[in-house]
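J.:
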């Protein structure tokens, strides 16, 4: 009779997998599936979540022998998820094919669209919040993958610098410097868009 998911400790499941019982990995997938989907979903577009989450579990399975019970499995899996999201954005950042010359006018048109939608009070508030979120997403897309991940984890997820550093495999100093520079860069991007819109 198969053991229930809740009664099996992670260490025991990992030991079994390393000893050749590879089908036991399904216990870890079932246990952490929604947790990983939530993490990935907060860092990548919704239509990529399933694929990236699958990649996280593949990487975890392939690296399981390097885990060797050296800590909390959930934390280790979280670090893999964060690094996989980071790799996704590095790839997206490299593959962008938007000519920089077209961005200025496109952003101005986008801001005009936001300002033009101020008719109905209730609709305006909801719409304005959505538009601000879209504007922020567009501004974040202009940052490097590292800058984006650090900002998201520090401000949207409210993680302390030490935890961000642990998850990314960086030093706390590197996280703080990246956070400072990315905030400054984000402010400059948004300020320039607003200045272009007003001027």
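Numbering (my numbering), first residue to last: 108 to 306. Glycine is no exception: its CB is placed at the ideal position from the N, C-alpha and C atoms.
Is it a yes or a no for the segment 238 to 252 touching the segment 271 to 281, going by three-plus beta-carbon pairs under 8 Å?
T.: no
J.: Could you check if residue 164 is buried or exposed, using at least 16 other CB atoms within 10 Å of its CB as the buried criterion?
T.: Locating residue 164 in the chain shown gives position 57, counting from the first residue. Here residue 164 is buried, its C-beta having at least 16 other C-beta atoms within 10 Å.
J.: Answer with buried or exposed for residue 294, where buried requires no fewer than 16 other C-beta atoms within 10 angstroms of its C-beta.
T.: Within the chain shown, residue 294 is the residue found at index 187, counting from 1. With fewer than 16 other Cβ atoms within 10 Å, it is exposed.
J.: Hey, could you find the ends of the alpha helix (DSSP H) residue 170 is sitting in?
T.: Residue mapping note: residue 170 aligns to position 63 of the chain shown, counting from 1. Unbroken alpha helix (DSSP H) run through residue 170: 156 to 174.
J.: Since residue 185 contacts residue 146 with CB under 8 Å, what's their CB separation in whole angstroms?
T.: Here residue 185 refers to the residue found at position 78 of the chain shown. Here residue 146 refers to the residue found at position 39 of the chain shown. Contact flag correct, Cβ pair sits at about 6 Å.
J.: Return yes when the Cβ of residue 139 is within less than 8 Å of the Cβ of residue 181, no when it is not.
T.: On the chain shown, position 74 is the one that residue 181 refers to. On the chain shown, position 32 is the one that residue 139 refers to. Taking 8 Å as the Cβ cut-off, residue 181 and residue 139 qualify as a contacting pair.
J.: Relative to the C-alpha of residue 171, which candidate in 263, 144, 119, 158 has its C-alpha closest?
T.: Here residue 171 corresponds to residue number 64 of the chain shown, with the count starting at 1. Checking every option, the nearest Cα to that of residue 171 belongs to 119.
J.: Which two residues bound the contiguous alpha helix (DSSP H) that contains residue 148?
T.: Position 41 of the chain shown, counting from 1, holds the residue named residue 148. Run containing residue 148: 132 to 148, per the alpha helix (DSSP H) assignment.
J.: Report back the beta-carbon spacing between residue 150 and residue 259 to the nearest angstrom; my notes put them in contact at under 8 Å.
T.: By one-based count along the chain shown, residue 150 stands at place 43. By one-based count along the chain shown, residue 259 stands at place 152. 6 Å between Cβ atoms; contact.
J.: Can the beta-carbon of residue 269 be found closer than 8 Å to that of residue 279?
T.: Residue mapping note: residue 269 aligns to position 162 of the chain shown, counting from 1. Residue mapping note: residue 279 aligns to position 172 of the chain shown, counting from 1. Against a cut-off of 8 Å, the Cβ pair of residue 279 and residue 269 comes out as a contact.
J.: Buried or exposed, going by whether 16 or more other CB atoms sit within 10 Å of the CB of residue 253?
T.: Numbered from its first residue, the chain shown carries residue 253 at position 146. Burial call: buried.
J.: Need the endpoints of the alpha helix (DSSP H) that residue 178 sits in, please.
T.: Your numbering for residue 178 matches position 71 in the chain shown. Residue 178 -> no alpha helix (DSSP H), and no H or E assigned at all.
J.: Mapping DSSP to helix, strand and coil, what is residue 281?
T.: One-based indexing of the chain shown puts residue 281 at position 174. Three-state DSSP puts residue 281 in a helix.
J.: Using the C-alpha atoms, what's the distance from residue 283 back to residue 267?
T.: By 1-based counting over the chain shown, the position of residue 267 is 160. By 1-based counting over the chain shown, the position of residue 283 is 176. Approximately 10 Å, taken between the alpha carbons.
J.: To the nearest angstrom, report how far apart residue 174 and residue 183 are at their CA atoms.
T.: Working through the chain shown from its first residue, we reach residue 174 at position 67. Working through the chain shown from its first residue, we reach residue 183 at position 76. Near 8 Å, if we compare the C-alpha coordinates of residue 183 and residue 174.
J.: What is the rounded straight-line gap between the Cα of residue 136 and the Cα of residue 237?
T.: Locating residue 136 in the chain shown gives position 29, where the first residue counts as 1. Locating residue 237 in the chain shown gives position 130, where the first residue counts as 1. A straight-line Cα-Cα distance of about 34 Å links residue 136 and residue 237.
J.: Would you please state the rounded distance, in angstroms, between the beta carbons of residue 298 and residue 250? I believe it to be under 8 Å.
T.: Sequence index remark: in the chain shown, residue 298 carries index 191 (1-based). Sequence index remark: in the chain shown, residue 250 carries index 143 (1-based). At roughly 15 Å, the Cβ-Cβ gap does not stay under 8 Å, so residue 298 and residue 250 are not in contact.
J.: With DSSP collapsed to three states, give me the class of residue 151.
T.: What you label residue 151 is simply residue 44 of the chain shown in a count that begins at 1. DSSP places residue 151 in coil when its eight states are reduced to three.
J.: Go ahead and label residue 128 buried or exposed: buried means 16 or more other beta carbons lie within 10 angstroms of its beta carbon, across all protein chains shown.
T.: Taking the first residue of the chain shown as 1, we reach residue 128 at position 21. Sixteen is the threshold: since fewer than 16 other Cβ atoms of the shown chains lie within 10 Å of the Cβ of residue 128, the residue is exposed.
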